[in-house]
Amino acid sequence: TMTISVLKRRDLMATLRTLGVMDQEIYRLILGEALVLALAGTLAGLALGILLSEYLLQLASRTLNDLYFLGEVRTLYLNAWSLAKALLLGMGITLLAAWQPAREAARIPPVLSRLRSLLETETRRRQRPMVLSGIVLLLLAPAVLAASGKSIIGGFAALFLIILSFALFTPWLLVLLINLLRPLLSL
Numbered sequence: 024t025m026t027i028s029v030l031k032r033r034d035l036m037a038t039l040r041t042l043g044v045m046d047q048e049i050y051r052l053i054l055g056e057a058l059v060l061a062l063a064g065t066l067a068g069l070a071l072g073i074l075l076s077e078y079l080l081q082l083a084s085r086t087l088n089d090l091y092f093l094g095e096v097r098t099l100y101l102n103a104w105s106l107a108k109a110l111l112l113g114m115g116i117t118l119l120a121a122w123q124p125a126r127e128a129a130r131i132p133p134v135l136s137r138l139r140s141l142l143e144t145e146t147r148r149r150q151r152p153m154v155l156s157g158i159v160l161l162l163l164a165p166a167v168l169a170a171s172g173k174s175i176i177g178g179f180a181a182l183f184l185i186i187l188s189f190a191l192f193t194p195w196l197l198v199l200l201i202n203l204l205r206p207l208l209s210l
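Mapping of the sequence shown onto the working numbering: position 184 corresponds to residue 207, and the numbering continues sequentially without gaps.
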């Protein structure tokens, strides 16, 4: 989200840099925006998560009562520390995701920020390492699964590696798909 936000405002960043706004000020501006978005998103996620967990607790309790035994598991236990950890994690991940776009926006010279070809060249340069990283992670997943035996944590770790590898493949696959479909779409 922050990458797209920064890309859509490249002209604004170039204008600000031309007017004398320093690199660190643009960097702080983007990270400040990310912090506001992180706070709003994390608070909304916490609220929706609590509502959803209350509803699922009622459903699970009703199912257990109907099928197995009578039990009274009807209250959701939340402590302040769990909510604080979720808040810190949500905001931390968002700031971490915003760090690279903010750094790039702050470092680019004003004249070059208007050049679309620079962005495309930089994106193409990153594709090969991303695809190679995805291949390594995809090959590592079965090894993690085999090494962990029947551990559920090993299974989750392998699944995470597979999902991450496909996330790294996605930009390359999109470019490949566009190139394959270009003759059909240019009718």
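The beta-carbon is built from N, C-alpha and C at its ideal position, and this holds for glycine as well.
Exercise for the section: Drop a sphere of 10 angstroms on the beta-carbon of Pro206, count the other beta-carbons inside from all chains shown, and report buried for 16 or more, exposed for fewer. Expected result: exposed
Problem - Thr26 beta carbon less than 7 Å from that of Pro124 - result: yes
Exercise for the section: Report all residues from its chain with a CB closer than 6 Å to the CB of Thr65; omit the five preceding and five following residues, and keep chain order. Expected result: Leu110, Gly113, Met114
Exercise for the section: Run the CB neighbour count on Val167, radius 10 Å, all protein chains shown included, and call it buried at 16 or more, exposed below. Expected result: buried
Practice task
Would you kindly work out how many angstroms separate the C-alpha atoms of Leu216 and Leu204, rounded to a whole number?
Solution key: Since the displayed the chain opens at 24 and closes at 210, residue 216 lies outside it and no answer follows.
Exercise for the section: Check whether the Cβ atoms of Ala61 and Thr117 lie closer than 7 Å to each other. Expected result: yes
Handout entry: Span of the alpha helix (DSSP H) around Arg126
Key = 103 to 130
Exercise for the section: Count the CB pairs spanning the segment 151 to 169 and the segment 181 to 191 that are closer than 8 Å, and state whether there are at least three. Expected result: yes
Handout entry: Reference Leu58, options Ala120, Leu187, Arg40, Phe189, closest by Cα
Key = Ala120
Problem - Straight-line Cα distance separating Tyr100 from Leu69 - result: 14 Å
Practice task
Identify whether Ile78 lies in helix, strand or coil by the three-state DSSP scheme.
Solution key: The sequence shown places Tyr at residue 78, not Ile. Helix.
Practice task
Under 8 Å Cβ to Cβ from Glu77, same chain only, skipping five residues before and after it: list those, please.
Solution key: Leu99
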